[in-house]
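Below is one structure; the comments refer to it alone.
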Amino acid sequence: MNSSMEALHPSDATIKTLWGLIIALFFIGSIVGSFFIRLTAEKVGSRPASSRGFVNMMSGTILQLGTVFGSIIAMPEVFGSSNRWWLIYAFEMLPIFISIVWMIFVYESPIQYLHKDDQENAKKSIIFYYGKFAAVNSLDEILLELNQQKSKAQQNKANFLAIFKSRENLRGCLVGCIVATTVGFSGVTIIGVYCVEILTTSGLTHLQSSIATTLIMIASVVSRASSEGFRRGFLDCCTFFLSFSGYIWKALFDASLQCFKMSEMRPAIIKLHEKGYSVRKIEEMLDVPRSTVQDHIKRFEETRSNKDRKGRGRKRTARSKKNVQRAKGMLKRNKTTKANSSRKLAKKLSVSQTSAMEILREDLGMKSWKMQKCQKLNEEAKKIRRERCPALLRRFDRGSHRRIVFSDEKLFDIQQCFNHQNDRIWSEGKPDTEERAIERTQKAESVMVWAAISARGKTPLVFVDQKTKIDRHVYMDMLNDHLFPWT
Numbered sequence: 001m002n003s004s005m006e007a008l009h010p011s012d013a014t015i016k017t018l019w020g021l022i023i024a025l026f027f028i029g030s031i032v033g034s035f036f037i038r039l040t041a042e043k044v045g046s047r048p049a050s051s052r053g054f055v056n057m058m059s060g061t062i063l064q065l066g067t068v069f070g071s072i073i074a075m076p077e078v079f080g081s082s083n084r085w086w087l088i089y090a091f092e093m094l095p096i097f098i099s100i101v102w103m104i105f106v107y108e109s110p111i112q113y114l115h116k117d118d119q120e121n122a123k124k125s126i127i128f129y130y131g132k133f134a135a136v137n138s139l140d141e142i143l144l145e146l147n148q149q150k151s152k153a154q155q156n157k158a159n160f161l162a163i164f165k166s167r168e169n170l171r172g173c174l175v176g177c178i179v180a181t182t183v184g185f186s187g188v189t190i191i192g193v194y195c196v197e198i199l200t201t202s203g204l205t206h207l208q209s210s211i212a213t214t215l216i217m218i219a220s221v222v223s224r225a226s227s228e229g230f231r232r233g234f235l236d237c238c239t240f241f242l243s244f245s246g247y248i249w250k251a252l253f254d255a256s257l258q259c260f261k262m263s264e265m266r267p268a269i270i271k272l273h274e275k276g277y278s279v280r281k282i283e284e285m286l287d288v289p290r291s292t293v294q295d296h297i298k299r300f301e302e303t304r305s306n307k308d309r310k311g312r313g314r315k316r317t318a319r320s321k322k323n324v325q326r327a328k329g330m331l332k333r334n335k336t337t338k339a340n341s342s343r344k345l346a347k348k349l350s351v352s353q354t355s356a357m358e359i360l361r362e363d364l365g366m367k368s369w370k371m372q373k374c375q376k377l378n379e380e381a382k383k384i385r386r387e388r389c390p391a392l393l394r395r396f397d398r399g400s401h402r403r404i405v406f407s408d409e410k411l412f413d414i415q416q417c418f419n420h421q422n423d424r425i426w427s428e429g430k431p432d433t434e435e436r437a438i439e440r441t442q443k444a445e446s447v448m449v450w451a452a453i454s455a456r457g458k459t460p461l462v463f464v465d466q467k468t469k470i471d472r473h474v475y476m477d478m479l480n481d482h483l484f485p486w487t
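The opening position of the sequence shown corresponds to residue 1 in UniProt numbering, with each subsequent residue numbered one higher.
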């Protein structure tokens, strides 16, 4: 039993390695995130209205930091006890309590008071954030600027594309992007992913860890709402829903992983059952559902094996053995795509074209190959080639083929060429015939080009006069004038 239990749980070295990786990623990400915050604050500015995203993000990071320290202290490997899981919530709630108490004595941003038409508290907020140096004459200027921002926000609050029409809005968009990047770098994502594992190693069961993760998420939302005030921005909502989606995907992954590990737990369940342990005792020891234990025991008693029953799962209908053999017979009779393309094969087998392609490629291991042109050879031509090839090999066995020069000439006509299928014109209606017509002549103007090539290179192009008729005398003159000087 002890060996079965040890096989189901990770070793201390594995747990310590995982924790070291999490902590290293968290602190490295925090340093990178702080660098982004400092750089953006210097470029954009740190006015209260522009810094609310930073305050909101940092409160969430501090909250998750408390979770990390609480989880580390609650680990059995630290103090040798598995009953200190309550320290996770103690470190979790401490920043929330401090944040709530601190928010009672802190003014909201001036723009928030202006949205409520509270000019007096807006001035106090400006003095609180900007310091005592903000004199009465500068207060009016700041209020005027904030009122202009308020009016612009009210005019453009329903227009999402207004972000790209103002430099100020673009700067705010930049701040939002940097905040989102910093949230990813700061380790919050890592802690969210490994939250269930962290709580499991602190002494909780898998179900208790899942419930605790949900409570941590709710506490995080409450803390962020308290630090943000009554007005939540679009970025915060997106961050929350993205985080919530991450928890959902993590839960689905854990469920699939749990199903995958059930086959590995079968030997332990059967071994404990043979030793006389009850279903309830096995359920508590291995932390698996009771129905799973009962199903494994029932399967073992019926089949005397830990393997799955034969015939489980959905049966193949399109890629059945019968269809594979039919396709193999069709291709044996005619392999060309003219008779048995994937579309035609799918029609004959009454399956989809995708299933037909899978039968061809995966079940039969076939690929499509292009047809190639070749010289048609009869028996007489083959006999002549067999006689000449040895003589040619003996003739050029010492590299004498490098002294051969290959030359040819080509006649090019200068009239427009076109493809009937691909060359078209765009028009709303049927265009005139003149626009679509391509003039052709029987004997179009042309130009003769001659060139030669060898192992040493290629000759320059030689343009022959159009009226010149190539005969042996003209060809010898071309060799003397162009080829021999080049060689």
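Ideal Cβ positions, reconstructed from N, Cα and C, are used throughout, including at glycine.
Grab me the residues of residue i's own chain with a C-beta within less than 6 Å of its C-beta, minus the 5 sequence neighbours each way, in chain order.
i	result
R343	Q353
H296	R266, I269
L360	M366
V405	A452, S454
F241	A caution first: F241 carries a pLDDT of 49, below 50, which makes its placement in the model unreliable, though a value can still be read off. Nothing meets the Cβ criterion.
G399	none
Run the CB neighbour count on residue i, radius 10 Å, all protein chains shown included, and call it buried at 16 or more, exposed below.
i	result
I470	exposed
R266	buried
P485	exposed
A444	exposed
W369	exposed
S125	buried
L461	exposed
A339	exposed
N378	exposed
L393	exposed
A346	buried
M371	exposed
Starting from residue i, trace the beta strand (DSSP E) both ways and give me its first and last residue.
i	result
V449	446 to 454
L483	Segment: none, L483 is in no beta strand (DSSP E) and carries neither H nor E.
V405	From DSSP, V405 is part of no beta strand (DSSP E); its letter is neither H nor E.
F463	462 to 464
Which residue from the options puts its Cα closest to that of residue i?
i	options	result
Q442	I414, V464, K467, L272	I414
K410	H482, S355, V464, P431	V464
M366	K382, Q372, T337, R385	T337
A455	T487, N306, D481	T487
A318	L349, Q416, R333	L349
A452	S446, F418, D481	D481
residue 503	C417, R436, F418	Beyond the ends of the chain as shown, which are 1 and 487, falls residue 503; an answer cannot be given.
K321	S355, A339, R424	S355
residue 491	R304, L364, E380	Here the chain comprises residues numbered 1 to 487, so residue 491 is not present and cannot be evaluated.
H420	V351, E428, I438, E380	I438
V449	Y475, R385, G399, A122	Y475
K307	R398, K298, R394	K298
R316	S407, S341, V351	V351
R440	C417, I127, I384, P390	C417
M357	K328, A381, E380, C374	K328
F300	R333, E274, I384	E274
M478	G429, N334, I127, D408	D408
L483	Q119, G457, R314	G457
Apart from the five residues on each side of it in sequence, which residues of its chain come closer than 7 Å, Cβ to Cβ, to residue i?
i	result
V288	M265
R326	L349
Let's see if you can read the secondary structure: which residues bound the alpha helix (DSSP H) around residue i?
i	result
E434	433 to 436
V474	472 to 478
Please work out which residues of its chain come closer than 8 Å, Cβ to Cβ, to residue i, disregarding the five sequence neighbours upstream and downstream, and give them in chain order.
i	result
E283	P289, R290, V293
D432	none
V324	I359, D363, L364
H401	A455
> Which whole runs of the alpha helix (DSSP H) in the segment 315 to 398 are 4 residues long or more, in chain order?
Replying inline: 321 to 333, 337 to 340, 342 to 349, 353 to 358, 379 to 395
> Along the chain, which unbroken stretches of the alpha helix (DSSP H) at least 4 residues long are found entirely within the segment 260 to 295?
Replying inline: 279 to 286
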